[in-house]
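Just below is one structure, and these are the notes that go with it.
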């Protein structure tokens, strides 16, 4: 691990979340070709293309101008309560079984 993150090189899969935005922006700026970026960052060109597409598709969400996903919290809470009840019944049943 003697390579610097500041150089933009991918060292392991755990830092992809740091490199992906940088690569997507670089690909979007088109200052270098995909092949050049892929060689520099040691990432497959297809992955860079995917990150670039994700950035373009979700950029409006980053700045709050995109449509927010409507979440039905009542339905989620009801589902969670149903699951809790089911697990309680299973737990009670299994706790009464002989060893």
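Residue numbers (our numbering): 226 to 324. Virtual Cβ for every residue (Gly too), placed ideally from N, Cα, C.
Item, Value
"Tell me the residue span of the alpha helix (DSSP H) that contains residue 317.", "298 to 320"
"Given a threshold of 16 other Cβ atoms within 10 Å of its Cβ, counted over all protein chains shown, does residue 264 qualify as buried or as exposed?", "exposed"
"Use the C-beta contact count for residue 321: other C-beta atoms within 10 angstroms, 16 or more gives buried, fewer gives exposed.", "exposed"
"Nearest by alpha-carbon distance to residue 270: which of 288, 280 and 249 is it?", "249"
"Under the rule that 16 or more other beta-carbon atoms within 10 Å means buried, what is residue 313, buried or exposed?", "exposed"
"Tell me whether residue 257 sits in a helix, a strand or coil according to DSSP, three-state version.", "coil"
"Please report the distance separating the alpha-carbon of residue 319 from that of residue 306.", "20 Å"
"Leaving out the 5 sequence neighbours to the left and right, which residues in its chain are closer than 6 Å to residue 230 when beta-carbon positions are compared?", "Here residue 230 scores only 39 on pLDDT, less than 50, and its place in the model is too uncertain to base an answer on."
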